[in-house]
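Undergrad: Chains D and A are the protein sequences, given in the same order. Its first residue numbered 20, the first sequence is counted upward by one per residue in the working numbering. Its first residue numbered 63, the second sequence is counted upward by one per residue in the working numbering.
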Amino acid sequence: MTERPSQHEQRTTNPVQLGATESLRDVAKHHRLEMPDGLNDPSLHRVDEMLDRLAQRESVPTQLAWRTFAASAKHLPGRARQSSAWRRVSRSRIHTSFWGQVAMAASVALTFIAASWLLIPTPGPSQDNGYALHETPEAAVDRSRSAQPAVASPTFRTAESMTWVVRHSELDYLYEASGTTLADLTGDVASIRADLGL
Amino acid sequence: MTSPEDKLEFEQRLQEAAQGGELAWQDIVNHYSPRVFALLRAQCGDPDLAEEIAQSTFCTIAAKIGSYTELGKFEPWLFRIAMNRLRDEMRRRKRQARPVEDQALTALAGTTDDNPSEDAPEPAELEALRKGLRELSDAEQTVIHLRFYAGLSFKQIAELLDQPLGTILARHFRTLKKLGESVGKPADNDEEDGP
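(1) DSSP three-state label for GLU154 of chain D, please.
(2) I need the straight-line Cα distance from GLY82 of chain A to ARG86 of chain D, nearest angstrom please.
(3) Identify which residue in A:LEU241, A:PRO226, A:LEU214 has its Cα closest to the Cα of GLU202 of chain A.
(4) Check whether the stretch 185-195 of chain A and the stretch 212-229 of chain A touch, using three or more Cβ-Cβ pairs below 8 Å as the test.
(5) Listing by chain order, which chain A residues have their CB less than 9 Å from the CB of THR81 of chain D?
(6) For a cutoff of 8 Å on Cβ pairs, would you count MET69 of chain D as touching chain A?
(7) What are the start and end residues of the alpha helix (DSSP H) that includes THR122 of chain A?
(8) What in chain E is Cβ-close to CYS121 of chain A, meaning under 8 Å?
(9) Taking the straight line between their C-alpha atoms, what separation do you get for VAL209 of chain D and LEU215 of chain D?
(10) Below 7 Å between beta carbons is the criterion; list the residues of the stretch 87-107 of chain A that meet it against any residue of chain D, in chain order.
(11) Does the beta carbon of MET145 of chain A fall short of 7 Å from some heavy atom of the ligand ADP?
(12) DSSP on VAL127 of chain D, reduced to helix/strand/coil?
(13) Going by DSSP in three states, ARG76 of chain D sits in which element: helix, strand or coil?
(14) What does GLU189 of chain A reach in chain D if we use C-beta pairs closer than 8 Å?
(15) Keeping to the same chain, check which residues put their C-beta closer than 6 Å to that of GLU78 of chain A; ignore five residues upstream and five downstream.
(16) Tell me whether the beta-carbon of MET145 of chain A lies closer than 8 Å to the beta-carbon of CYS106 of chain A.
(17) First and last residue of the alpha helix (DSSP H) that includes THR81 of chain D?
(18) For VAL121 of chain D, count neighbouring Cβ atoms within 10 angstroms of its own Cβ and tell me buried if that reaches 16, exposed if not.
(19) At a Cβ threshold of 8 Å, is VAL121 of chain D touching chain A?
(20) Assuming contact is defined by CB atoms lying nearer than 8 Å, are LEU222 of chain A and ARG142 of chain A in contact in what I supplied?
(21) Tell me the rounded alpha-carbon separation between GLU71 of chain A and GLN75 of chain D.
(22) Where does THR264 of chain D sit, in a helix, a strand or coil, going by DSSP?
(23) List the residues of chain D that LEU148 of chain A touches, going by C-beta distances under 7 Å, in chain order.
(24) Are the C-beta of PHE210 of chain A and some C-beta of chain D separated by less than 8 Å?
(25) Quick one, which residues of the stretch 68-86 of chain A are near chain D if we go by CB-CB under 9 Å, in chain order?
(26) Classify VAL205 of chain A as buried or exposed, calling it buried when 16 or more other Cβ atoms lie within 10 Å of its own Cβ.
(27) Let's see if you can read the secondary structure: which residues bound the alpha helix (DSSP H) around ASP200 of chain A?
(28) Would GLN117 of chain A count as contacting chain D if we go by Cβ distances under 8 Å?
(29) With 16 other CB atoms within 10 Å as the buried threshold, where does THR335 of chain A fall?
(30) Does ASN177 of chain A have its Cβ less than 8 Å from a Cβ in chain D?
(31) Under the three-state reduction of DSSP, which class applies to LEU85 of chain A: helix, strand or coil?
(32) Answer yes or no: do ALA124 of chain A and HIS94 of chain D have a C-beta to C-beta separation smaller than 8 Å?
(33) Determine the direct distance from the alpha carbon of SER95 of chain A to that of ARG209 of chain A, and round the result to whole angstroms.
(34) Is the CB-CB distance between PHE99 of chain A and ALA116 of chain A below 8 Å?
(35) How far does the alpha helix (DSSP H) with ILE139 of chain D in it extend, from its first residue to its last?
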């Protein structure tokens, strides 16, 4: 961007040199146009001069030219070309450099991981050797307890928190049998927790 | 600034600006923005609107200057865009233009020249001129504004208004004659129109 003009430069552009650039008589003579007889009337030239004086005394707002330049310079064709060229160069650098490719690969991998984390559901009983404690079989839910005050049960605290999943070969029978009860599950999990020192 | 009035130099500046040259564009803006502003303010009487339209005009010129071919008609092009944009804005605002001559003439009447000459207009003359300017038609005022505020030649005014040069000259002559009568020194000659 061009530097802001100094006060001296601003003053040199203000006041503006306005006014008529040519006389009516000269133009008529130059173009060989026949003008009315009153063209040489002194009173007309007097009015012409008064209008010229008015225009020459016209002032413009301070820094008008600078504001106009600042607003319009960004629309110059070179600016647009420069901007698009910069974008092309940037894209080219990203695509061709080694670290650019590494960055692209990393961003794709991160996107994939994030999408997987968000979209893939929590592992359930149907998964291999996996069992989520919070997914208690419907048959094992004691609905009469729902009206009772919550009891500080280690098993249910774990199930509520959903912070860990027990994987153990001893639990294979749980997803092979259809009649698993909460009592069965609670006892087995308690023993596993004891083995793990939890 | 380096004056772009010289034709070859001005063409060079246009070419530089068309290629994104900011310095060249700044010269063009410095030279023409006051004239565009003066014309617009004379037409609408609103300095704020005049500056707004002036900036918009130069934004348009900057965006299109890359495809502009200089054939000596830059000024008519520039001022035509400004006039059209002002007209559109005035229509949008549904507001009648009021003559700025009131303000200009008041300023002129209220100040004294540093070097007053024998030909300096009397306040009574200015008042009469103000009255005469109010009574001009829009077409007559436009010619006056284009000539004295935009600084266009009669040929350029004719191109801008898309009218024959003789018509513009005759209109201008009639306008001066009307104003002369308003000032109190009517011309003695017949009111013959031009070609």
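Note that CB positions come from ideal geometry on N, CA and C, so glycine has one too. Note that the structure is predicted; figures quoted are calculated from it, not measured.
TA: Inspection of the coordinates gives the following:
(1) Because the pLDDT at GLU154 of chain D is just 46, under 50, the model does not fix this residue reliably, and the point stays unresolved.
(2) C-alpha separation (whole angstroms): 18 Å.
(3) Per the Cα distances, A:LEU241.
(4) Three or more beta-carbon pairs separated by less than 8 Å are not found between the stretch 185-195 of chain A and the stretch 212-229 of chain A, which leaves the two stretches without contact.
(5) Result: empty, since nearest Cβ-Cβ is about 11 Å, beyond 9 Å.
(6) Cβ-Cβ to chain A under 8 Å: yes for MET69 of chain D.
(7) Residues 109-126.
(8) As a matter of chain content, chain E is missing from the structure shown, whose protein chains are D and A.
(9) Checking the displayed sequence, the identity of residue 209 of chain D turns out to be Ala instead of Val. Their Cα atoms are separated by approximately 10 Å.
(10) Residues passing the 7 Å Cβ filter: TRP87, GLN88, VAL91, ASN92, SER95, PRO96, ARG97, PHE99, ALA100.
(11) Because no ligand of any kind appears in the structure shown, any question about the ligand ADP cannot be addressed here.
(12) Three-state DSSP puts VAL127 of chain D in a helix.
(13) In the displayed model, ARG76 of chain D falls within coil according to three-state DSSP, outside both helix and strand.
(14) Near GLU189 of chain A there are no residues of chain D at all, since even the closest Cβ is about 12 Å away, more than 8 Å.
(15) In chain order, ALA86 place their CB closer than 6 Å to the CB of GLU78 of chain A, counting only its own chain and leaving out the 5 sequence neighbours on each side.
(16) For MET145 of chain A and CYS106 of chain A, no; Cβs fall outside 8 Å.
(17) That residue, THR81 of chain D, is in no alpha helix (DSSP H); it is neither H nor E in DSSP.
(18) Result: exposed.
(19) The beta carbon of VAL121 of chain D sits no closer than 8 Å to any beta carbon of chain A.
(20) Contact flag set, yes.
(21) Just so you know, the alpha carbons of GLU71 of chain A and GLN75 of chain D end up roughly 25 Å apart.
(22) This structure leaves residue 264 of chain D out entirely; chain D is present only between 20 and 217.
(23) Correct list: empty, because the minimum Cβ distance to chain D is about 15 Å.
(24) True, the Cβ-Cβ gap to chain D drops below 8 Å.
(25) Contacts with chain D (Cβ-Cβ distance below 9 Å) from the stretch 68-86 of chain A involve ALA79, ALA80, GLN81, GLY82, GLY83, GLU84, LEU85, listed in chain order.
(26) It counts as buried.
(27) 200-210 is the extent of the alpha helix (DSSP H) around ASP200 of chain A.
(28) With 8 Å as the cut-off, GLN117 of chain A counts as an interface residue toward chain D.
(29) It is not possible to answer for residue 335 of chain A, since the shown part of chain A is limited to 63 through 257.
(30) Model confidence at ASN177 of chain A stands at a pLDDT of 47, short of 50, so the residue's coordinates are unreliable and nothing is read from them.
(31) In the three-state reduction of the DSSP assignment, LEU85 of chain A falls in the helix class.
(32) Result yes, Cβ atoms of ALA124 of chain A and HIS94 of chain D sit closer than 8 Å.
(33) Cα to Cα, ARG209 of chain A sits roughly 16 Å from SER95 of chain A.
(34) Cβ atoms of PHE99 of chain A and ALA116 of chain A: closer than 8 Å.
(35) Annotation: ILE139 of chain D is outside any alpha helix (DSSP H) and is labelled neither H nor E by DSSP.
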